[in-house]
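See structure below.
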Amino acid sequence: MKNLFILFLILISSGTFAQGTYVKGRNFKGYFFPKEAQILVNVPNEKYRYTPDSSDIFKAEKYIRDSIKYIIQMIKIQPDMRGRCVTKAILKKYCRQYFGFLNTNNERILWINFVRYSKDELLEFSKENIWILDGGSNQWNLIINIDTGEVLEMK
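Numbering follows this note's numbering, in which position 31 of the sequence shown is assigned residue number 215; successive positions increment by one, without gaps.
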């Protein structure tokens, strides 16, 4: 029984200390997480995790700015987002969480979590992946290939 308890503690703490690193740009702010951070997400053709750096984040944000009309169109057709307003101006009101993956072609993929927040909550986003069930336009995520600039998925 003692061994099971120790194993449980090891499993629980294995990703707990993998905090995010703060990154801020002109119209965004968020945290990127090391590959050891726990996340229950799979991306298309996932090979393994990698730790993104700030240049990866700035590249992804440039693709988001350049693809904003397409992203807004994708948001409008999501069943749980119909009738909700997400615009270019409102995007800067979301804190981002960035998790890196490599696909089978060794291309860098970022899973980006967008969460509307109050200033009191910002530090909480550095601790772990934030999940909000039925978050509608307050929480959604995007999977983007930063080597090709392709938006792969949005939920």
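Cβ coordinates follow ideal geometry from the N, Cα and C atoms, glycine included. Because the structure is a prediction, the values reported are computed rather than measured.
Close Cβ partners of residue i (< 7 Å) along its chain, the five nearest in sequence each way excluded
{"i": "Ser238", "result": "Val207"}
{"i": "Gly267", "result": "Any reading at Gly267 is ruled out, since the residue's pLDDT is 49, under 50, leaving its predicted position unreliable."}
{"i": "Tyr232", "result": "Leu286"}
Closest by C-alpha distance to residue i, when choosing among the options
{"i": "Glu337", "options": "Asn211, Asn226 and Phe216", "result": "Asn226"}
{"i": "Thr288", "options": "Glu230, Tyr215 and Ala202", "result": "Glu230"}
{"i": "Leu326", "options": "Arg233, Phe283 and Tyr215", "result": "Phe283"}
{"i": "Val299", "options": "Lys339, Gln222 and Val335", "result": "Lys339"}
{"i": "Met324", "options": "Val335, Asn297 and Arg233", "result": "Here residue 324 turns out to be Trp, not Met, going by the sequence shown. Out of Val335, Asn297 and Arg233, Asn297 has the C-alpha closest to the C-alpha of Trp324."}
{"i": "Asp331", "options": "Gln281, Lys219, Lys243 and Pro228", "result": "Lys243"}
{"i": "Leu286", "options": "Ala273, Lys253 and Ile328", "result": "Ile328"}
{"i": "Phe216", "options": "Leu224, Thr205 and Tyr232", "result": "Thr205"}
{"i": "Asp240", "options": "Ile274, Pro218 and Lys311", "result": "Pro218"}
Same chain, Cβ closer than 6 Å to residue i, five either side skipped, listed in chain order
{"i": "Asn211", "result": "Lys276"}
{"i": "Tyr301", "result": "Cys279"}
{"i": "Glu245", "result": "Gly209 and Phe212"}
{"i": "Ile293", "result": "Val227, Phe285, Asn287 and Asn329"}
{"i": "Lys253", "result": "none"}
Proximal residues to residue i (C-beta, below 8 Å), its chain only, five neighbours per side dropped
{"i": "Gly333", "result": "Tyr247, Asp250 and Ser251"}
For residue i: DSSP bridge partner residues
{"i": "Gly214", "result": "Val207 and Arg280"}
{"i": "Gln323", "result": "Val299"}
{"i": "Met338", "result": "Leu326"}
{"i": "Ile127", "result": "Residue numbering for the chain in the displayed model covers 185 to 339; residue 127 lies beyond these limits and cannot be assessed."}
Span of the beta strand (DSSP E), counted from its first residue to its last, around residue i
{"i": "Tyr234", "result": "Glu230 to Tyr234"}
N-terminal and C-terminal residue of the alpha helix (DSSP H) that residue i is part of
{"i": "Ser239", "result": "Ser238 to Asp250"}
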